[in-house]
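In this text, residue positions in the sequence shown follow my numbering: the first is 27, and each later residue adds one.
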Amino acid sequence: MTITSLPNILRFGSISEPLWIEFDRRIGYHSMDTTHYHRSYEFFYLYSGERKFFIRDSVYPIQSGDLILVNTNDVHRTSELSQPNHERIVLHYDLPFFDGLSQEETQLLLSPFASAHPIIKLNLQERMQLESLFESLLRELHECPPGYQLHVRNTAVELLLFTARHVQRRKVQPGSELELTPVQQKITDIVRHINQHFREPLLLDDLAKRFFISKGHLSRVFKEVTGFGFSQYINITRIKEAELLLKETDWSITQISEHCGFENFSHFGKMFKELSGLPPRAYRKLEQHKING
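Structure below.
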């Protein structure tokens, strides 16, 4: 079996399960149309094509053979570069996937996600090893022989083990410190400022003056570089913090709204439901239910 013989879409599991896998062959230009962060660890491999990958506070051009590791709750987004068409496989690991493993084993498998360099550049031999594992996994998903779920789970562990050993052998990946263009560096600095000061008022005019860039140009290049609108990214950053506070504190929803930088409570409620899928009160109740069983 070769990857070209596969259907355009293969799926395993769902976002609510410990392991969720997506294979997609996308024709034409494609950008993610939704905000994107999740509690699962994401293992993204680009089989073919090229993409622009925004993660944490930087943007990276990626090519076929690149592996991207997205830590839990990292804001990220992919969008097109100059060429259409791409194939990619994504595995999402939620913490229950590691139940039954020792703490040391889990730490080893998850260690690459804590790296300061989310992009791993593989040489040809390493790429062939990784793609052999992917092809075995995808063949099982396509043909569904008896016990295929067991094979898929075991291969998902093998992929993490391969990556953890790779990162340990090569502490700093050659090429992982990609040189940013002046515009990309400027937007990276602005994103870092937002991440540090999201509890304060953040106006486009003020940041444009602070970073010596026109308001219109900032708005345009922020979207081009990150894939997010300026206000959209600020709202995502604030709502991520609100989710954490709803889970880990007994603060009132009004307190949380104000602490996260929302001056208007109704706007907070609207944004929270839009980005999290539930109103704040329902979200807190659901998370407490998960904790209490």
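Ideal Cβ placement from N, Cα and C applies to all residues, glycine included.
- For residue 269, the uninterrupted alpha helix (DSSP H) run begins and ends at 256–274, by DSSP.
- Here residue 172 carries a coil assignment [DSSP, helix/strand/coil].
- In this chain, the beta strand (DSSP E) harbouring residue 37 covers 35–38.
- Distance from residue 115 to residue 49 at the Cβ level is roughly 5 Å; contact confirmed, criterion being Cβ atoms closer than 8 Å.
- Residue 50: member of the beta strand (DSSP E) spanning 45–52, first to last residue.
- Within the same chain, and ignoring the five residues on either side of residue 153 in sequence, the residues whose Cβ sits closer than 7 Å to its Cβ are 91.
- Comparing alpha carbon positions, the residue from 34, 315 and 184 closest to residue 119 is 184.
- Taking the C-beta atoms as reference points, residue 93 is found nearer than 8 Å to residue 71.
- Collapsing the DSSP output to three states places residue 42 in coil.
- Put simply, the backbone Cα of residue 259 is about 12 Å away from that of residue 80.
- Cβ neighbours of residue 301 within its own chain (closer than 8 Å, five residues either side excluded): 61, 261, 262 and 265.
- Under DSSP, residue 229 forms no beta bridge with any residue.
- Every alpha helix (DSSP H) of 4 residues or more that sits fully in the stretch 277–318 is shown, in chain order, as 279–285, 291–302 and 306–318.
- Distance from residue 189 to residue 163 at the Cβ level is roughly 14 Å; contact not present, criterion being Cβ atoms closer than 8 Å.
- Proximity to residue 142 across 177, 306, 65 and 97 peaks at 97, based on C-alpha coordinates.
- Taking C-beta separations shorter than 7 Å and ignoring five residues to either side along the sequence, the partners of residue 39 in its chain run 45, 46 and 47, following chain order.
- Looking at the DSSP output, residue 239 sits in no beta bridge, so it has no partner there.
- Straight across, the Cα-Cα distance linking residue 238 with residue 274 is about 38 Å.
- Sixteen is the threshold: since fewer than 16 other Cβ atoms of the shown chains lie within 10 Å of the Cβ of residue 278, the residue is exposed.
- Residues 249 of the same chain have their beta carbon placed closer than 6 Å to that of residue 255, with the five preceding and five following residues left out of the count.
- Within the model, the alpha-carbon separation for residue 101 versus residue 31 is close to 33 Å.
- In the three-state reduction of the DSSP assignment, residue 98 falls in the coil class, being assigned neither a helical nor a strand state.
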